[in-house]
Each structure stands twice: as structure tokens, then as C-alpha cells.
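Peer 1: Residue numbers (this note's numbering), protein chains in the order written: chain A, 1 to 199; chain B, 200 to 398; chain C, 399 to 597; chain D, 598 to 796.
Idealized CB from N, CA, C, for every residue including glycine.
4 protein chains.
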Amino acid sequence: MLTDPSVTDKRLLILRAALRLLAGCGFHGFSMKQLADEAGVAAGTLYLYFKDRDALIRQLHQEIIQTFAQHVLAGHDPDKPLQQQYRDLCQNVWLFCKTYPEMLLSKGQFDHLPPDVLRDHFLSAWQAFGPLRVLFDKCREQGMIKPLPDEILVTLGFETFINLARKYHLGLVSEQDMDVNEIIEATWHAIALDTRNRI
Amino acid sequence: MLTDPSVTDKRLLILRAALRLLAGCGFHGFSMKQLADEAGVAAGTLYLYFKDRDALIRQLHQEIIQTFAQHVLAGHDPDKPLQQQYRDLCQNVWLFCKTYPEMLLSKGQFDHLPPDVLRDHFLSAWQAFGPLRVLFDKCREQGMIKPLPDEILVTLGFETFINLARKYHLGLVSEQDMDVNEIIEATWHAIALDTRNRI
Amino acid sequence: MLTDPSVTDKRLLILRAALRLLAGCGFHGFSMKQLADEAGVAAGTLYLYFKDRDALIRQLHQEIIQTFAQHVLAGHDPDKPLQQQYRDLCQNVWLFCKTYPEMLLSKGQFDHLPPDVLRDHFLSAWQAFGPLRVLFDKCREQGMIKPLPDEILVTLGFETFINLARKYHLGLVSEQDMDVNEIIEATWHAIALDTRNRI
Amino acid sequence: MLTDPSVTDKRLLILRAALRLLAGCGFHGFSMKQLADEAGVAAGTLYLYFKDRDALIRQLHQEIIQTFAQHVLAGHDPDKPLQQQYRDLCQNVWLFCKTYPEMLLSKGQFDHLPPDVLRDHFLSAWQAFGPLRVLFDKCREQGMIKPLPDEILVTLGFETFINLARKYHLGLVSEQDMDVNEIIEATWHAIALDTRNRI
DNA sequence: AATGAATGAGGATTCATTCAT
DNA sequence: GATGAATGAATCCTCATTCAT
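1. Output yes or no for whether 9 Å exceeds the beta carbon distance between residue 466 of chain C and residue 409 of chain C.
2. For the region 748-764 of chain D, enumerate the residues whose C-beta is nearer than 7 Å to any C-beta of chain C, in chain order.
3. With a CB to CB cut of under 6 Å and the five nearest residues on each side skipped, what residues in its chain are close to residue 595 of chain C?
4. Taking the C-alpha atoms as reference points, what is the distance between residue 597 of chain C and residue 659 of chain D?
5. Which bits of chain D does residue 585 of chain C rub up against, with CB to CB less than 9 Å?
6. Tell me whether residue 789 of chain D sits in a helix, a strand or coil according to DSSP, three-state version.
7. Is any heavy atom of the ligand NAD found at a distance shorter than 8 Å from the C-beta of residue 319 of chain B?
8. Starting from residue 571 of chain C, find everything on chain D with Cβ-Cβ shorter than 8 Å and list it in chain order.
9. Under 9 Å between C-beta atoms, does residue 398 of chain B make it to chain A?
10. Residue 307 of chain B and residue 111 of chain A - do their beta-carbons sit closer together than 9 Å?
11. Does the beta carbon of residue 382 of chain B come closer than 9 Å to any beta carbon on chain A?
12. Return yes when the Cβ of residue 591 of chain C is within less than 9 Å of the Cβ of residue 536 of chain C, no when it is not.
13. Counting pairs of Cβ atoms below 8 Å between the region 368-375 of chain B and the region 161-175 of chain A, do you hit three or more?
14. When the Cα atoms are used, what is the spatial distance from residue 565 of chain C to residue 497 of chain C?
15. Residues in its own chain within less than 6 Å of residue 285 of chain B by CB, not counting five upstream and five downstream?
16. Quick check: residue 661 of chain D and residue 700 of chain D, are their CB atoms within less than 9 Å of each other?
17. Note down, in chain order, every chain B residue with its Cβ under 8 Å from the Cβ of residue 84 of chain A.
18. Compare the C-beta of residue 674 of chain D against all C-beta atoms of chain C and say whether one is closer than 9 Å.
19. So the alpha helix (DSSP H) residue 328 of chain B belongs to, where does it begin and stop?
20. Buried or exposed for residue 532 of chain C, going by 16 or more other Cβ atoms inside 10 Å?
21. Note down the Cα distance separating residue 495 of chain C from residue 560 of chain C, rounded to an integer number of angstroms.
22. Under 9 Å between the Cβ atoms of residue 420 of chain C and residue 503 of chain C?
23. So, under 8 Å CB-CB, residue 45 of chain A and residue 359 of chain B are touching, yes? Tell me the CB distance rounded to an integer number of Å.
24. Have a look at B/238, B/341 and B/315 and flag the residue whose alpha-carbon is nearest the alpha-carbon of residue 208 of chain B.
25. Is the Cβ of residue 608 of chain D closer than 9 Å to any Cβ of chain C?
26. Spatial neighbours of residue 638 of chain D within its chain, please: C-beta separation below 8 Å, excluding the five flanking residues on both sides.
27. Of all the CB atoms in chain B, is at least one closer than 9 Å to the CB of residue 122 of chain A?
28. Quick one: does residue 176 of chain B have its CB under 9 Å from some CB of chain A?
29. Is there at least one Cβ from chain C nearer than 9 Å to residue 709 of chain D's Cβ?
30. Give me, in chain order, the residues of the same chain whose beta-carbon lies closer than 7 Å to that of residue 714 of chain D; leave out the 5 immediate sequence neighbours on both sides.
31. Is it true that the CB of residue 186 of chain A sits closer than 9 Å to the CB of residue 400 of chain B?
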């Protein structure tokens, strides 16, 4: 996995180097030669592991998504109270984004992959997030949360932490400014179905 | 302004062409030659209006921010009820993002501008959003919303609509799936300070 | 003439500006736009006075040669003693090269004009130097100088001062280092026919 | 060395090609593409050996200076009579300039290198000409030549042959016109200190 | 498997020249 | 005559990719 430094598989070494460069300089200004240097291999070696630049970018994208999913779902326990599960997931999202800013920074870089490729990646990601769908289903069944599609719940809930992490790394908010638990509660209010919430 | 097609100032024509390309293919694969073609001018002409590629990108970024601010604050009336003001702003954010997807898609492309440039742009944007800060201040004074920094309120509130618009344009959510007013309420729940909200 | 600042003929203004630029940055890095700015006219105006860049360069070359000839022959008096005439000419060469370094610096820049053009220019220059040929002829007739072709006498005599002026402007020799009269004598030794000179 | 055709080091191949082009067309009109073609390599290859065009020009300049020095000092024997040493050096200068006209023609092209670069190159050249300084010192000590600085002696002596070679290659003087030994004597008269020389 | 020199198409940028005003 | 915005060919340079070793 991208975040596991003990793995020395050369393919992963290259992807990790690509991630560092992507975060550092974006797509432009990251050349295959630079990547080779950063990864500590020769230029030609890259092509033993990846058909071409595009293939490398796509695989990196997928790898990031998988890594993200694994970190977010780490320690997930479907037997805990539902709201606790939600809190744990939020914590994980926040922790991951805070710890690995390069994944965040490179996110926008992928927005222009061909749409069909993007779709494929999202679908496989969604599969990795199966437990999340289960959680949302249960919450909806029990009338705990609003009857909104998963995608929208994700935006109201988890994506908030991604956005905050970006601001955090840009220095627009400091950790003193925010009590993560407080914000988790806030996002819960957004998705929770509480008759008393009605205005 | 970027969204006003009646303006024929050549500088703006070029920026608009750049926006279309940026949305269509991202930074890479958008060459100055392509831009010239898209804008209907010769390659050399670009350099009469912009010192170089970087200057063009930076000016585009600022133009987008300004345009965004103007659309969001359009029709803003500080004399309306506070919550209504919030609703209006949310509506505007959603409408703008839905109507001009290219602004959205190009957003991630700017993440790698030099940090100091990014900071400058954000600050000038924040100035344009003065009425928003006033609104938040009033709401906080009256105990209507949680005592969170503006930046976080923005994320919990408005950025939700930006994220949703992206998904909308990617086809991940359809307009049938979502009742915008419902989502506006949801984000209000996120930021609102309601003692009954306490869990 | 290039060195006469009272002439305000626009053609000459342009040529003088070209000379300044040529001396300052060589052929490369001197653009028609720069020239227009330096001359204080619009780019298009250059083409009212010169067919194209090449024509301008050629005319500049000729102008420099003519100016050089006029300065060198200034005050020439064919009735003075022959050796004194030689001394005067040397003095003039030195003075001119010292006073107008830009003419010197631009000299090497013309070495790559098409050979036929160069030839034409040299021939017309040689015509302007008629009095010099007369002087050499008289000296040779009287057995004062070696029976060498004019071209070689010029090299042994006058070109010495051109070379020294270049070194002077590069700071490789200072004026303290050199007594011009002494050097004039030295060059005279080079061309003089003195039986006692024989080794 | 630039004049040794047996060396096939690619860097030298490129420099030699650059020299041919420089002599043929001067700085302008010699493009990196042309150079690549002339050298028989791809355009990109140039940049494997030289950082950019400027670096190439600078290195060419130094290479020319070094080559010139080596040829001029070839066969130099400090044990010969001093005047004979001088004659040998003059012969070498003449021979070199006659044989490799491209080095001559490119000379003026370097006049616009940045002054500090020019200075560096001249200093390193001067080091290579150590034996020449020794010769001048000895001659001055023995009262054989005028008490002039080395730089001026060089101009009066050796540079004469450079200038003549230029005229020779331009067809302004033919070899029939000139007896090199005669001219060597003439330059010796210029620098020699002979009381009988006094006029 | 690994290398890295070589390639050459493609990018950003410049600049001589034109032409409508 | 004079302007200077517009042009687009040509320039320098980069970089993804290949291939002989």
C-alpha cells in the first residue's frame, strides 16, 4: 500500500515517488526523468512497470483511492452503535487527510482523467466502501438519518473533512480553531433526521 | 466578467477560451497554440495581453474567484431575515456551479500555484465576500449558529454545494435525487446552534 | 553623419539607435521592436525608412565606414611632411576608436554579411580613403617605407590602433600603460624602410 | 582538440559543427536545429552535452582559445635564440589562422559575451601563453625590445598576422602579395628596441 | 531485469513584418 | 507620414519513449 514504507516492491516505489512529485509540483513539471530520479531508478526502468505515463497516472489514482479506503475503514466495527461507527469513520478520514497531505493535493490533478476512467475508478472505490453503504442503509432504515442518496450523505459528512484538511494544510485554519469532535457532531446534524431539527 | 458573453474585450475572450480548455483537458494538454485557436487569435497575440503562461493562469484564477463572488452575492439583501440570506447564498452557489461547470472543473487545477499566490488570491476573494462575513457575525451574535470560525462554516455550508455540483456534472447524482432546499436545510442543521440539536 | 547629434533626420536617428543597441547587445537580442523604442518611433515606422532588417544593417555598416573615414581624414593636410601626415592619421584613428567605442564593438558583428556586400562596402570605403593611398604612394616612391601593398601597410599601421582601442575598452590596457606617440613610432618602424633596420 | 579530426567524442563533434556554422553564418542564422543537423545528431542531444545555447557558445569560445594557444606554442623551444623564438611564434600564428579560417571568422562573434565571461576566458588564455610572457620578459631584460606592456607587444606583433589572415581569407590580399618572413621582420621592427631606429 | 544515451515531436515564446486606422 | 495591434513562422528547449548494451 502507498502508505506502507516497508514494502519495497519497485512498482510501489515508483508510485510513491510519483505521489511525492504530484503533490509537490502538480502534473506539469513532473517529468518521467524526474520521477525516475526521485524513485532512484533509470528512466527506462519505469517502462518495465508501466506501459506509459498515462497508465502510471491511472494506476496511481487507483492506488490512492484504495489506500484511502483502507485507512478510512481501518478498525471499522459493524457491531458498534451506528452513530459511533459514523464518528470513527469521520475520525479516520480526518486523520488520513491530515497525515498524508500529498494524497489530498494530488486529488484535483485527477479531475481530468478521461470520464470513463474516472467512472471506473469511482465504482471500484465504491466497492471498497461497501461497509459504508451498509452503515448508511441501516441508519436510514432506523430513521436516524435523512432519506438522502449515499452520494449526498458522503458529501455532507465525510467530504467536509477532506475540505477542512485542505484548508488546514494551506494554513487557512489551525488545529486550535477546530475541535474535530465538534465538527463531527455538526456533520451529524446535517445528515441526522431529527424531527426537532425542522425549522 | 467571465460569464458575460457580451463583453468582447480581447483579454477576456482569451481568458474565457482558457477556461473552456482548462475545464476540458486540465493544465496538461492545453497548449498556448490550442488556446490561441480556441480564442480565435494568433499565438503571438496571447503575449500582447499576458506576459507568459503563468501570468495568464494567475489572472484566470483571480477572474474566476471574482466572478464566483459576484454571482454568489448577486441579489444579496442584508435586510432580509438572516436565515433567508443564508438560503439565498446557498441557492446562488448551487446555481452558479450548476450553470458554469467549467469553473468548477478548473478549480483543482490551481492547487499548485505557488502558495503565496494562492494566499493573495484567497485574501482578495475573502474581501469580495465581505457581506458573508457580516452575515456570519450577526448569526453568531444572535446565537443562531455554532461558534465556529468563518472558514469552517464555509466548508460546512457552501462548499457542500460545490462538491455536489461536481458530482452532479459527473453524473454521480441526478437532479431528481436531490431537493436543493432540503440540502440547504441539512447544511443549516450543520451550522445552526440549536440546544435541542445536542445529542 | 552618425556622430553628429545635431542631425535629426529620422533615418539617422534610427541608425544611431541601432548602433547603440548593436554595441550594447550584439546582433542577437536587438529586435526591431527594441530598436523602435530606442529610436522613439513606432515599429511600423522603421519600415518607412528601411526595406527590412537586412537593409538596415547594411546601411548601418556603410554609415559606420563613412563616418570612420571622415573622422580619420579630418584635418588631413597633404602638404605637411609625409611622416607627419602618417602621425596625424594614426592620432585620428586612435581618437575616433577611443571616443566611439560602439563603432568598434559593432565591427565584428558585420563579419558575416554576405561576402559580396562586404566587398562593396570595403571598396567604397577604400574610395573614401583616397588621400591615404596617395600618401602611401608618395612614401613608397621616396623609399621611406617598405614596398608592401597598401592593405598590409594599413594592417601594420592603423589597425594596430583599432586593436589597442578594443583592449582599452575591455580594460586590458589602461591609458597610463601607453604613450600613443610611442606606439605611433613603433608602427612607423614596422612600415619604414630603413636600411639600418635590417637585422 | 578542435583541430584533431580523429577525436570522436560527441561533445567535440558538436563544438566543431558549431564552429563551422559560426564561421559560415555568424551567431544569427545558426539555430540549434541547424547545429544538430550539421553535427549529425538530434536536436535534443545537444542538451545532453550543453546546458543551453549560451553554455555551448561559452565552451566553444574557450575551446577555440585553448586550441589557438596550443597551435601557436607548438614546437616552442625556449633554448633557441630569442628572436628566433619570436619568428617561430609568428609563423605559427600565421599558419594557424591561414589553416583554420573558421576560428578567425568566429572571433568577432564573441565580443558580446558578458564582460565577466570574456575576462575569465582571456585570463585562462593568458595562462596558456605563459611561455610567451617569459619570452617577452627576457627580451625586455636584454634590452632587445621596447619597454611596452605585454598586451601592446602582442598587438604590434602577433595580432598583425590575425588581421592579415582575415584579409587573406576575404581575398583582399593574396599570398603572392606577401612574404611572411618580411612581415615578421616588419613586426619585429615595431617592437624591437634599436637605438638606430630612433627617427 | 536494468540502464541511460539518443531521439524528435511538441511546447512556450519571440520577433520581423504587415496593415487598418 | 505614423502608428501599434495582430500575425505566424521560427526559435530554444523539454520530455515521453525507445533500444542497444
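Peer 2: Taking the definition as stated:
1. no
2. 748, 749, 752, 753, 756, 757, 760, 761 and 764
3. Residue placement at residue 595 of chain C cannot be trusted, given a pLDDT of 45 that sits under 50; what the coordinates show is reported in the next sentence. Within the same chain, residue 595 of chain C has no close Cβ partners at all.
4. Any reading at residue 597 of chain C needs caution, since the residue's pLDDT is 39, under 50, leaving its predicted position unreliable; the model's value is listed next. Residue 597 of chain C and residue 659 of chain D: Cα-Cα distance of roughly 37 Å.
5. 753 and 787
6. strand
7. Looking at this structure, you won't find the ligand NAD or any other ligand, since it has none at all.
8. 746, 748 and 749
9. Low per-residue confidence applies at residue 398 of chain B: pLDDT is 39, beneath 50, and the placement is therefore not dependable enough to give any value.
10. Between residue 111 of chain A and residue 307 of chain B, the C-beta gap is smaller than 9 Å, which places the two residues in contact.
11. yes
12. Result no, Cβ atoms of residue 536 of chain C and residue 591 of chain C do not sit closer than 9 Å.
13. Segments in contact, no.
14. 14 Å
15. none
16. Against a cut-off of 9 Å, the Cβ pair of residue 700 of chain D and residue 661 of chain D comes out as a contact.
17. By Cβ distance, chain B contributes nothing, its closest Cβ being about 11 Å from residue 84 of chain A, past 8 Å.
18. no
19. Counting along the chain, residue 328 of chain B falls outside any alpha helix (DSSP H), and DSSP gives it neither H nor E.
20. exposed
21. 6 Å
22. yes
23. That pair is no contact at about 44 Å.
24. B/238
25. no
26. Around residue 638 of chain D: 607, 610 and 611.
27. yes
28. No answer is possible for residue 176 of chain B: it lies beyond the span of chain B, which begins at 200 and ends at 398.
29. Closer than 9 Å to some Cβ of chain C, the Cβ of residue 709 of chain D qualifies, so yes.
30. 655
31. In the structure as shown, chain B starts at 200 and stops at 398, and residue 400 of chain B therefore has no counterpart that could be examined.
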